Every structure is written in C-alpha cells, then in structure tokens.
Amino acid sequence: MNKSSKKEIKNDLGLTADDYLTMYRLMRLTRQFDQGIIRLYRQNKMLGGAYSGWGNEATAVGSAYAMMPQDYLYPMHRDIGAHFTRGQSARALMLNHLAKGEGPTKGRDGTGHYYDKSLRIVGNISHLAAMIPQAVGTALAAVKKKENAIVLNYIGDGGMNVGEFHEGLNMAAVWKLPFILIIENNQYAYSTPTHLQYACESPVDRAAGYGMPGVKIDGTDILEVYRTCKEAFERARAGEGPTLIESVTMRMRGHAEHDAHEYYPKGLLEKWEKKDPIVQFETFLLKEKILTDKKIKEIETSVIAEIDEAIEYADKAPYPNGADAELGVYAD
0 MNKSSKKEIK
10 NDLGLTADDY
20 LTMYRLMRLT
30 RQFDQGIIRL
40 YRQNKMLGGA
50 YSGWGNEATA
60 VGSAYAMMPQ
70 DYLYPMHRDI
80 GAHFTRGQSA
90 RALMLNHLAK
100 GEGPTKGRDG
110 TGHYYDKSLR
120 IVGNISHLAA
130 MIPQAVGTAL
140 AAVKKKENAI
150 VLNYIGDGGM
160 NVGEFHEGLN
170 MAAVWKLPFI
180 LIIENNQYAY
190 STPTHLQYAC
200 ESPVDRAAGY
210 GMPGVKIDGT
220 DILEVYRTCK
230 EAFERARAGE
240 GPTLIESVTM
250 RMRGHAEHDA
260 HEYYPKGLLE
270 KWEKKDPIVQ
280 FETFLLKEKI
290 LTDKKIKEIE
300 TSVIAEIDEA
310 IEYADKAPYP
320 NGADAELGVY
330 AD
C-alpha cells in the first residue's frame, strides 16, 4: 500500500522517503504489539495462546506493503505486521487477543484468528494448510469478477507438508490464477527442525513440479521481500499465474509462549539476532539519511503509546454476552 511523498529515493523500487519511514514504523509497531501480548500472556490475561512473530516483521510488512487495496490477504498467526500494513488497528487486534466482545470475532477467539472484510483480510485457520485451497478459490473468484486482484497467502515450513498445499498449488498453476504463496521458513515447525520435514534442498524447489516460478529470499530484508512480492504481484496481474516464494527467517521465540524452545541448539538464536530485521532496516535508513536518531525516538514513543492505549482499552472492554453466542454463525 504505497503512499506518496515529494522526496524520491534513488532506487528501482518506486518507494519514497515516506514509504521507508512508514515501513519502519509498521515493523516497530509489530514488535511492540508482540511484546504487549507476551506480557499479557504472562499476566494470565489471555484466554488463548500468544504466538509471536518476532523475527518475521520484514516478511509480513514487506509483502503486504506491495499489495493494492483490491487484493486479498490470507495471513497466518505470525503475520501481525501484514494486518497492520493493510490497515487493521492495534485496538482491534488487542481486543481479539483478549477475547472481548467488541473485537473482530466478537470474543469467540482469544488469539490471532481475526479478519476484516472491509480490508479483504480473511481470518487465519488453525489447520494452517486448509487456508490454501480457500485462497486459491478466492483467486479464481477474483478472475471471474475481473477485479484485477491478487491473493497473498502464507504457510509455514511445517504446514507446507500437508495435502492441501499440493492441491491448492496444482490448481493455481493449471488455471494460472493470481495467487502468491509465501513459505515462511522459520527453521522449526513447533519442535521439528526443517531437515526432518522435507528431503529436498529447499522448499521452493517444489515450485518446478507445479510449473511455476519459485524464488528464495532473505526474509529478514524488508526491501528484498518487497521487491520480490511486487514483481510476483505484477506477474500475477498480467495473467501469468502464481508464484511460490520461500522467505527464510527465524522464529525467535517458541511455537507459542507456553513453549520454552529448549530444543533449539546452542548459539542458534545468537546467530539470528545479528540479522534482526528491524535493526537491519534501521541501519540502512540511518546510512541513507532517511532516518535520524530523533526520528527513531519519535517513532518509538509513538508505537509504545499506541500499543499501551490498545492494551488499556481492551483490558477494560467487556467480554461478550453469552446470550449472543449463536449470533453471526450464519450469514446475515
């Protein structure tokens, strides 16, 4: 969702200084939200699980930033940054995490299964790969309706081994649908390392079997993510079909906050901390003189205030009325 600015940056991405600063703030907002739900979980204020996207900010924000308003987003539980980038508010997401009646799911969920029809965000499904055929179906509908829309879907290195992955990609490829699937390869599916999940060298190798392009990228580099997605989206809009993207990242916390990730080998997190996506982007922006120390402080203060306000509001909001439990089950 690109925004305009009079100051142009010399690059081939079509981004402005305002774009860079917006992307940086979205990443910082995402990290701050993460810290908020971790704190709430430890305070026993969450009825559901706390699933951190720590380390995934560049993939979530960079990919969603390349989308257009008419596009559809099928995120996963670690893609909070994509929700923010598409325009969902911190207050709405916090209300949902605390299972409050005012939240997107009206208190029926206490974690990350939220949606926003007005923003074309489809709610994440716990059976992760089950989203893929639905997303492909949405891409087919978009073609039939001549919406000039693409569908962006995410899956993890574990979920990609479920049967719906094959069924969805095969259909998308045969019908050349405007569907982009990002494999968030964050090294572990719960406690299972990638070398015990697949025998090929890289998950993106599967793209060749479906006759579609496959691109492997550094998922900690937001500009590489943005560039790759922008090109894939343009290709899809031109009627050239789907793209499979493998975004290599690291899940910096456990599967959820109840998981202490004691199975991580010594030194693994320290290695990936050196590739922190926010620190990398901040360093780049400082070098390019797009960002200043003063601006960093302003953004930090701003995102802390935004998340603190969302937490305070959601904490005080009422839980849903039990008498309304059957409302919204069917289409109105």
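Going by numbering that gives the first Met the number 0, the sequence shown opens with residue 0, and the numbers climb by one from there.
Even glycine gets a Cβ: it sits at the ideal position worked out from N, Cα and C.
Note that the structure is predicted; figures quoted are calculated from it, not measured.
_Using a 10 Å radius around the Cβ and a threshold of 16 neighbouring Cβ atoms, would you call K2 buried or exposed?_
Its pLDDT being 39, under 50, K2 is placed unreliably by the model, and nothing is read from it.
Are there any heavy atoms of the ligand GTP lying less than 7 Å away from the beta-carbon of I289, as far as the coordinates show?
Within the structure as shown, the ligand GTP is missing, as the structure has no ligands at all.
Quiz item: By Cβ distance, which residues of its chain are closer than 7 Å to L268, with the 5 residues on each side in sequence left out?
Solution: M251
Q. Buried or exposed: where does Q42 fall if 16 or more other Cβ atoms within 10 Å of its Cβ makes it buried?
A. Q42 comes out exposed.
#### Entry: Secondary structure, beta strand (DSSP E): runs of 3+ residues fully inside the segment 79-158
150-155
Check whether the segment 12-24 and the segment 217-236 are in contact - that is, three or more C-beta pairs closer than 8 Å. Here the segment 12-24 lies against the segment 217-236, with 3 or more beta-carbon pairs under 8 Å apart.
Nearest-angstrom Cα separation, counted from D17 out to K5 = The predicted position of K5 is uncertain, since its pLDDT is 38 and thus under 50; no value can be drawn from it.
Q) What is the rounded straight-line gap between the Cα of L326 and the Cα of R107? A) 11 Å
Q.
Checking the sheet assignment: what are the DSSP bridge partners for F178?
A. Answer is V150, bridged to F178.
What distance in whole Å lies between the Cβ atoms of I154 and L180, which are believed to be in contact at a cut-off of 8 Å? Indeed, because the Cβ distance is near 6 Å, the residues count as touching under 8 Å.
- Just list the beta strand (DSSP E) runs in the segment 189-276, keeping only unbroken ones of 3 residues or longer that don't cross its boundaries, in chain order. You should have 213-217 and 242-247.
Identity of the residue in F232, H82, T29 and D307 nearest K116 by Cα:
H82
* Asked: Using the rule of at least 16 other Cβ atoms within 10 Å of the residue's Cβ for burial, across every protein chain shown, is T84 buried or exposed?
  -> buried
Query raised in the report: Rounded to a whole number of angstroms, what is the C-alpha to C-alpha distance between F283 and E239?
Result: 33 Å
Select from D11, L28 and T15 the residue whose C-alpha is nearest the C-alpha of E299.
The residue with the shortest Cα to Cα distance from E299 is L28.
| Is there contact here, the segment 58-77 with the segment 142-161, by at least three beta-carbon pairs under 8 Å? | yes
If you draw a straight line from the alpha carbon of K105 to that of M26, how long is it in whole angstroms? 27 Å
_Straight-line gap, N160 to G266 (C-alpha atoms, nearest Å)_ = Looking at the two C-alpha atoms, the distance is approximately 28 Å.
Nearest-angstrom beta carbon gap, F178 and A140 [assumed within contact, 8 Å]:
Actually they do not touch by this definition, with Cβ atoms about 11 Å apart.
Is G111 near H76, with beta carbons less than 8 Å apart? It is a contact, given that the beta carbons lie within the stated cut-off.
Q. So which of R119, G157 and K143 has the shortest CA-CA distance to A129?
A. If we check each option's Cα against that of A129, G157 comes out closest.
Of the listed residues G321, D314, I289 and N55, nearest to H402 (C-alpha basis)
Nothing can be reported for residue 402: it is not among the residues displayed for the chain, which extend from 0 to 331.
Quiz item: How would you label C228, buried or exposed, when you count the other beta carbons within 10 angstroms and need 16 or more for buried?
Solution: buried
Might you give, ordered along the chain, the residues of its own chain that have their beta carbon closer than 8 Å to the beta carbon of A207, omitting 5 neighbours on each side? Within its own chain, the residues whose Cβ lies closer than 8 Å to the Cβ of A207, once the five positions on either side in sequence are excluded, are G213, listed in chain order.
**Message:** Going by beta-carbon coordinates alone, are I310 and G35 separated by less than 8 Å?
**Reply:** For I310 and G35, yes; Cβs fall inside 8 Å.
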